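In UniProt numbering, the protein residues as written are 1 to 267.
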């Protein structure tokens with residue numbers, strides 16, 4: 001099956017645990033004001049066969065095994081290409097490669113159902129829980145997103161809720177309370193990974209001729225993130241902390257894989 005990709009990060013060490021082959025797919029139904037990759041919204045991308053991706057994956061299997069890494073499919077919204085993701089995950093599973101889905105859950109219920117049985121971990125990106133704030137932040141409703149989160153929690157996969165903390169937007173005490181209430185209402189213990197909002201994709205808005213809605217918003221500081229995390233802990237939420245580099249250092253503390261990181265952008 002053919003998928004349409006935005007870019008590939010062949011030796012990623014940020015999006016999840018271990019060394020990851022991160023495939024960013026094209027297309028997204030949300031219009032997040034803080035999006036780092038607004039160019040993924042476009043109906044374009046490089047066409048690629050799932051079999052081609054699997055062949056690339058095979059050459060990184062040793063790195064995955066040494067680091068506890070694997071394949072991460074992100075976006076955009078990867079579930080808009082659920083058939084492609086399903087085929088990738090089935091074939092990766094045959095190779096014993098860990099499969100992670102990085103999704104915002106803004107998709108048809110059936111698309112999520114199609115992929116979940118072949119997935120090891122879901123990184124579920126929640127923008128904000130309050131419905132009105134969500135509309136303002138993404139131009140979309142979050143009713144179906146929360147339904148899809150609940151369905152994911154009922155599946156066999158390991159689930160992590162990811163929350164990008166944006167100062168003055170979704171960092172108020174009531175935001176922490178709403179997030180805690182939602183997470184604790186799920187039918188299994190789901191940790192939350194609080195991520196700091198940054199200006200990483202600001203230049204892309206300018207390149208696309210778009211007005212950056214977050215131009216006046218400062219990046220989240222470590223102190224702000226820690227304060228929000230403390231609030232979640234007090235509310236009974238477990239936090240997710242990925243050990244990003246501990247398995248990748250040699251006896252002298254040097255990166256075993258230095259020089260092997262690369263990002264391939266689709267033309």
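For glycine and all other residues, C-beta sits at the position ideal for the given N, C-alpha and C. All values reported here derive from a predicted model rather than from experimental measurement.
Secondary structure at residue i, three-state DSSP: helix, strand or coil?
| i | result |
| --- | --- |
| residue 70 | strand |
| residue 53 | helix |
| residue 118 | helix |
| residue 259 | Since pLDDT at residue 259 reaches only 40, below the 50 mark, its modelled position is unreliable, and the value read off the structure follows with that caveat. Coil. |
| residue 87 | helix |
| residue 134 | helix |
| residue 9 | strand |
| residue 129 | coil |
| residue 112 | helix |
| residue 34 | coil |
| residue 93 | helix |
| residue 43 | coil |
| residue 271 | Lying outside 1 to 267, the shown extent of the chain, residue 271 is not represented and no answer is given. |
What separation, rounded to the nearest whole angstrom, lies between the Cα atoms of residue i and residue j?
| i | j | result |
| --- | --- | --- |
| residue 162 | residue 79 | 17 angstroms |
| residue 100 | residue 207 | 30 angstroms |
| residue 187 | residue 4 | 34 angstroms |
| residue 197 | residue 164 | 6 angstroms |
| residue 7 | residue 118 | 23 angstroms |
| residue 145 | residue 131 | 11 angstroms |
| residue 177 | residue 232 | 8 angstroms |
| residue 242 | residue 49 | Since pLDDT at residue 242 reaches only 44, below the 50 mark, its modelled position is unreliable, and no value is offered. |
| residue 194 | residue 46 | 32 angstroms |
| residue 240 | residue 23 | 22 angstroms |
| residue 10 | residue 216 | 33 angstroms |
| residue 20 | residue 102 | 12 angstroms |
| residue 210 | residue 38 | 9 angstroms |
Within the same chain, show all residues whose beta-carbon is closer than 6 angstroms to that of residue i, passing over the 5 residues directly before and after it, in chain order.
| i | result |
| --- | --- |
| residue 61 | none |
| residue 83 | 1 |
| residue 27 | 76 and 80 |
| residue 148 | 105 and 112 |
| residue 179 | 129 |
Please confirm if residue i has its CB atom under 8 angstroms from at least one CB of chain B.
| i | result |
| --- | --- |
| residue 154 | Annotation note: the requested chain B is absent from the structure, which comprises a single protein chain. |
Going along the chain, which residues of its own chain have a beta-carbon closer than 8 angstroms to the beta-carbon of residue i, five neighbours each way excluded?
| i | result |
| --- | --- |
| residue 97 | 57, 61, 64, 70 and 71 |
| residue 212 | 202, 205 and 206 |
| residue 246 | Caution applies to residue 246, whose pLDDT of 35 falls short of 50 and renders its modelled position unreliable; the value that the coordinates give is listed next. Counting only Cβ-Cβ distances below 8 angstroms, and skipping sequence neighbours, we find nothing. |
| residue 68 | 17, 18, 98 and 247 |
| residue 160 | 121, 122, 123, 124, 190, 191, 192, 193 and 240 |
| residue 44 | 4 and 26 |
Considering only residues of the same chain and omitting the five flanking positions on each side of residue i, which have a CB-CB separation below 7 angstroms?
| i | result |
| --- | --- |
| residue 128 | 134, 137, 170 and 175 |
| residue 189 | 238 |
| residue 200 | 36 |
| residue 142 | 131 and 134 |
- Message: Suppose only complete runs of 3+ residues qualify. What are the beta strand (DSSP E) ranges in the region 145-174, listed by chain order?
- Response: 158-165
- Any 3 or more C-beta pairs closer than 8 angstroms across the region 89-100 and the region 31-42: no
- At a cut of 8 angstroms, does the region 219-235 reach the region 37-55 through at least three beta carbon pairs? no
- Task: Would you be able to state if there are at least three C-beta pairs under 8 angstroms between the region 126-141 and the region 166-177?
- Result: yes
- Run through the region 181-248 for me and flag every whole beta strand (DSSP E) of 3 or more residues, listed as ranges in chain order. 192-196
- Is the region 152-160 touching the region 102-121 in the sense that three or more CB pairs, one from each, lie closer than 8 angstroms? yes
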